[in-house]
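In our numbering, the protein residues as written are 11 to 346.
Idealized CB from N, CA, C, for every residue including glycine.
What follows is one structure encoded as structure tokens, with my remarks underneath.
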């Protein structure tokens with residue numbers, strides 16, 4: 011089997027519409043596996059699982075495919091300008107406006123067919139620590155906010171991986187870092203990034219928007235209009251500046267959804283919410299967690315048209331939703 015050069019790989023990526031690509035040998039991520047064990051022991055992952063659940067698998071791409079030779083890492087930029095938000099709407103993080111992961115998965119499947127041989131595509135899956143693969147392949151570097159930062163698109167990217175038995179020329183890792191910048195650490199309202207390069211999930215707004223159970227009361231106001239996830243540390247990152255000019259006038263993907271109606275989230279049927287937001291992670295795919303988030307956002311927005319929908323949940327049989335509705339009403343009444 012002949013060696014595929016870096017130039018050939020980048021040409022394939024350009025033809026397929028992959029924004030950044032790189033390759034590295036399929037070898038174990040020993041240091042990453044150790045870091046996961048240490049941070050899990052410190053409780054920094056809270057009850058999150060994802061790639062941290064089985065580091066003996068996710069940190070060993072060489073075991074994900076028989077005769078694996080190469081890990082190809084790819085990034086797809088999802089940045090689009092945010093339209094003006096209606097007064098009664100909540101906000102979604104940029105990466106969820108459309109299903110960029112599915113788009114990248116299809117592109118990597120096409121790349122695998124072009125390269126030939128055996129391959130496996132992993133996109134938004136727990137079996138591979140994609141950020142470490144991307145760092146080794148020169149796609150980006152670790153930011154102090156723990157995000158993977160690319161040279162041209164900053165951290166506004168989703169990542170995917172193709173493990174293949176093809177031999178690909180190794181890409182050079184980026185000799186870049188955050189330097190003395192601490193803007194993301196200073197901007198995080200809950201101190202989740204106080205230890206640079208390490209995320210304390212127990213203090214992360216994005217975690218609490220996806221966690222089971224009640225959102226900690228001291229973090230609810232900080233969520234503002236956000237009904238899922240959090241973009242604060244990305245919004246302030248200097249590496250993310252300039253992309254708005256490069257993408258100026260570029261329309262969001264078809265069906266992109268930057269904002270959602272809080273009243274709709276509170277009044278929609280379970281199955282409608284579950285089907286419409288299949289692209290989002292929420293515990294056990296139970297829409298009550300989306301409603302919980304909408305109640306917090308409604309309390310922060312203080313929009314009078316949302317009061318009837320919130321009041322309905324103040325009498326709800328679900329203790330979780332009832333408590334969040336009571337908190338939201340106290341905010342609407344100026345009591346908090």
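So the candidates are the options; which of them puts its Cα closest to the Cα of residue i?
i	options	result
residue 339	328, 217, 308, 184	308
residue 170	22, 14, 86	86
residue 286	205, 343, 194, 107	107
residue 140	117, 81, 177, 194	81
residue 343	325, 316, 327	316
residue 264	71, 70, 90	90
residue 134	275, 190, 325, 172	172
residue 270	304, 162, 249	304
residue 228	58, 346, 27	346
residue 200	179, 217, 23	217
residue 129	76, 152, 298, 193	76
residue 58	291, 205, 326	291
residue 116	64, 28, 203	28
residue 267	131, 327, 96, 13	96
residue 333	260, 279, 224, 154	224
residue 347	120, 20, 289, 242	A question about residue 347 goes unanswered here, because the residues of the chain that appear run from 11 up to 346.
residue 191	247, 237, 230	247
residue 349	158, 198, 204	The chain is shown from 11 up to 346; residue 349 falls before or after that span and cannot be answered.
residue 306	50, 335, 326	335
residue 104	111, 92, 257	92
residue 102	324, 19, 323, 289	289
residue 174	131, 249, 326, 206	131
residue 233	249, 198, 257	198
residue 40	69, 34, 21	69
residue 145	62, 24, 34	34
residue 22	12, 205, 321, 123	123
residue 118	154, 20, 150	20
residue 154	74, 324, 226, 249	249
residue 273	111, 322, 204	322
Starting from residue i, follow its DSSP beta bridges and name the residues at the other end.
i	result
residue 96	DSSP output for residue 96 lists no bridge partner at all.
residue 199	Paired residue(s): none; residue 199 is not in a bridge.
residue 269	101
residue 319	Paired residue(s): none; residue 319 is not in a bridge.
residue 85	30, 169
residue 158	152
residue 129	174
residue 14	178
residue 65	Residue 65 pairs with nothing; no bridge assigned.
residue 236	101
residue 164	160
residue 35	80
On the premise that residue j lies in contact with residue i, defined as a C-beta separation below 8 Å, what is that separation, rounded to the nearest angstrom?
i	j	result
residue 181	residue 32	4 Å
residue 244	residue 165	5 Å
residue 302	residue 331	6 Å
residue 15	residue 179	5 Å
residue 137	residue 67	6 Å
Apply the 10 Å Cβ neighbour rule to residue i and answer buried if 16 or more other Cβ atoms are within range, or exposed otherwise.
i	result
residue 53	exposed
residue 142	buried
residue 42	buried
residue 341	buried
residue 210	buried
residue 109	buried
residue 186	exposed
residue 327	exposed
residue 255	exposed
residue 13	exposed
residue 127	exposed
residue 226	exposed
With distances taken between CB atoms, is the gap from residue i to residue j smaller than 8 Å?
i	j	result
residue 100	residue 313	no
residue 114	residue 84	yes
residue 160	residue 208	no
residue 88	residue 30	no
residue 222	residue 329	no
residue 235	residue 311	yes
residue 188	residue 215	no
residue 253	residue 152	no
residue 79	residue 176	yes
residue 277	residue 319	yes
residue 71	residue 36	yes
residue 121	residue 26	yes
residue 49	residue 55	yes
residue 337	residue 300	no
Would a check of beta-carbon distances place residue i closer than 8 Å to chain B?
i	result
residue 128	Of the protein chains in this structure there is only one, and it is not chain B.
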